[in-house]
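Contents: one structure, followed by commentary.
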Amino acid sequence: MKTDKRVVHMTTVHHPYDPRIYHKQCKSLQNAGFDVTLVARRDPKQNEEDKTIPHIKLKTYKSRLKRMIFGTYSAYRKAKTLKADVYTIHDPELLPVAWALKNKNNVVIYDVHEDYVTSILQKDYLNQTAKQLIAVGYKTMEKFFTKHMGISLAEKYYQDTYPEGVTILNYPTVNETFIEHERIGEVENSVLYTGNVSYVRGALQHGRLPQIDPTLTVHFIGKCPSELAEEMGVEAGNHRGQLKIEGIDSFVEKEDIEKKYLERNWLAGIALFPPTEHYMKKELTKFFEYMNAGLPIVCSNFPVWKAFVEKHKCGIAVDPTDNEAIKAAFDYLKGQPEEARRMGENGKKAVQEELNWQTQEQKMVHWYSALMNVESYERSIK
């Protein structure tokens with residue numbers, strides 16, 4: 001299907017080649033025949049020769065305040081000239097921009113990546129009163145600006161907050177190379193963490209894993225602030241050489257992460273997060289990516305996570321504060337290699353048959369197509 005309908009995706013916060021925005025949503029809509037353009041910040045470190053989506057570049061600001069003022073205004077000016085049929089924003093700070101772009105001849109969509117209210121309430125650098133005030137202010141602003149927007153949701157539980165939202169879940173694209181790859185031979189005493197590294201994503205828990213099990217080497221591939229990498233090294237103590245961090249202060253592309261999965265015969269993919277309201281409710285994207293690559297998962301025993309790995313028989317859930325339980329999980333995988341292989345295969349099968357982007361891609365394309373019937377869309381939101 002080829003159409004003259006133009007779709008513009010906009011972000012001032014995310015990397016221009018963010019997996020959900022660029023590799024999934026933009027590419028899927030382009031493959032479906034839409035004219036797709038990305039408005040996002042410039043990244044001078046990236047090689048754009050193999051990029052297929054037109055990218056209108058925004059200036060990168062180190063100051064968050066400058067980005068929110070000047071970056072959003074620049075995004076508005078550039079996006080307005082494109083006269084798109086659909087504008088999709090990916091950041092809360094672009095809500096006023098989307099509102100200003102909305103007219104009777106187009107559609108605007110807010111793609112919700114995170115539970116932002118919970119995220120605000122978890123900010124350690126704010127006192128309780130400030131957090132409450134900012135959260136209330138954000139909810140009020142969001143309610144006003146999204147009144148005439150379509151809302152897409154990256155996570156199931158976001159529908160508790162946005163019952164009218166459409167779930168476009170962040171499942172992985174099935175990788176044909178992963179399908180053909182088999183976990184054969186001796187498994188290494190190496191575990192893998194992929195994606196951004198942060199405190200709330202268990203950076204310090206993961207950093208101390210070589211102290212818990214001195215035989216383990218822990219590999220991280222994803223953006224990690226250099227200051228945090230130093231703290232992780234302190235947690236590892238005399239074993240800090242067993243922490244391998246790729247992506248210090250720099251974004252790691254999806255293609256590079258996927259190559260990493262095939263580099264070794266990994267013992268497991270890890271997600272030992274501390275308990276926070278947001279992550280305790282969420283099915284992590286990295287779960288699906290570990291499963292896609294055929295890796296067993298070792299994760300925190302939050303009820304949602306424990307139920308997930310038990311349902312798909314793809315890993316072990318443990319108390320992230322219990323060092324003995326964590327070591328026992330790794331010992332089990334090392335001592336039962338056939339069971340570990342079965343866990344990986346179970347996860348891979350679940351992704352291939354059910355938990356994959358192709359199922360969400362069809363839903364997204366049909367939804368965008370329906371929303372472009374502007375008259376019926378306007379009637380649906382009155």
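According to this note's numbering, the sequence shown is numbered sequentially starting from 1.
All C-beta atoms in this analysis are idealised placements derived from N, C-alpha and C, irrespective of residue type, glycine included.
So, is residue i buried or exposed, given that buried needs 16 or more other C-beta atoms within 10 angstroms?
i: L95; result: buried
i: M343; result: buried
i: S250; result: exposed
i: M141; result: exposed
i: R77; result: exposed
i: K348; result: buried
i: Q132; result: exposed
i: R379; result: Here the model assigns R379 a pLDDT of 39, short of 50, so the residue's position is not dependable, and the following value carries that caveat. R379 is exposed by the Cβ-count criterion.
i: I179; result: exposed
i: Y73; result: exposed
i: T129; result: exposed
i: N238; result: exposed
i: P16; result: buried
i: G207; result: buried
i: K2; result: exposed
i: I257; result: buried
i: R384; result: Within the shown structure, residues of the chain are numbered from 1 to 382, placing residue 384 beyond reach of any answer.
i: G185; result: exposed
i: L262; result: exposed
i: F145; result: buried
i: Q205; result: buried
i: V234; result: exposed
i: I120; result: buried
i: Q358; result: exposed
i: K24; result: buried
i: T11; result: buried
Going by beta carbon distance, what residues of the same chain come within less than 6 Å of residue i, once the five residues before and after it are set aside?
i: V7; result: L29, F34, V36, V86
i: V112; result: L153, Y158
i: A317; result: C299, N301, W305, K306, V309
i: A340; result: P296, L333
i: G385; result: Any question about residue 385 goes unanswered here, given that the chain covers just 1 to 382.
i: Y290; result: G269, I297
i: N31; result: none
i: A325; result: V318, D319
Taking the alpha carbon of residue i as the point to measure from, which residue in the options has its own alpha carbon closest?
i: E246; options: Y290, K83, G195; result: G195
i: T321; options: N105, Y368, K286, I212; result: I212
i: P92; options: D115, K83, N301; result: D115
i: A40; options: T88, E258, Y290, K83; result: T88
i: E176; options: Q362, N265, S369, N356; result: N356
i: F220; options: V234, E227, S190; result: S190
i: I151; options: E188, I109, Q122; result: I109
i: R183; options: T12, P337, Q362; result: P337
i: Q360; options: P225, I248, P16, L169; result: L169
i: T81; options: R67, H312, I56, K104; result: I56
i: L284; options: K104, G202, N31, E235; result: G202
i: V97; options: V234, A79, I270, K104; result: A79
i: D43; options: D18, T215, K66; result: D18
i: H90; options: V218, T52, R20; result: R20
i: T52; options: K59, K313, C26, T146; result: C26
i: M260; options: M68, N292, F273, F70; result: Strictly speaking, residue 260 in this sequence is Lys, with Met absent from that position. For the residues M68, N292, F273, F70, the minimum Cα distance to K260 belongs to N292.
i: N323; options: W367, P210, E155; result: P210
i: R240; options: F273, C224, L216; result: L216
i: T314; options: V174, Y22, N346; result: Correcting the residue identity first, residue 314 is Cys in this sequence and not Thr. If we check each option's Cα against that of C314, N346 comes out closest.
i: Y368; options: T12, K156, T167; result: T167
Can you pull the DSSP bridge partners for residue i?
i: H418; result: Summary: the structure shown does not reach residue 418, with the chain confined to residues 1 through 382, and so no result is reported for it.
i: L243; result: V218
i: C224; result: I248
i: R6; result: D35
i: G269; result: L192, I297
i: A317; result: C299
i: A229; result: In the DSSP output, where bridge partners are listed per residue, A229 has none listed.
i: Y87; result: V8, V108
i: H55; result: L38
What does a CB cutoff of less than 8 Å around residue i pick up in its chain, not counting 5 residues either side in sequence?
i: M372; result: K5, D85, V86, V107
i: V117; result: A135, Y138, K139, T161
i: E375; result: Per-residue confidence for E375 stands at a pLDDT of 40, beneath the threshold of 50, marking its modelled position as unreliable; no derived number is given.
i: P54; result: V36, T37, L38
i: G165; result: V112, I151, S152, L153, Y158, Q159
Output needed for residue i: all residues of its chain with C-beta closer than 7 Å, excluding positions within five of it in sequence on either side, in chain order.
i: K327; result: I212, D213
i: Q288; result: It should be noted that the sequence gives Phe, not Gln, for residue 288. Once the five neighbours on either side are set aside, the close Cβ partners of F288 are Y171, P172, V351, L355.
i: T276; result: Q122, V200
i: Y377; result: At Y377, the pLDDT of 39 sits below 50, so the modelled position is not reliable; the number obtained from the coordinates is stated separately. The residues are V107, L371.
i: L267; result: V187, E188, N189, S190, V191, F330, L333, K334
Q. Can you list the beta strand (DSSP E) stretches of 3 or more residues lying completely in the segment 127-174, in chain order?
A. 150-153
Q | Runs of alpha helix (DSSP H) lying entirely within the segment 89-130, each at least 4 residues, in chain order | A | 95-101, 116-121
Q) Quick one: complete beta strand (DSSP E) runs, 3+ long, within the segment 320-379? A) none
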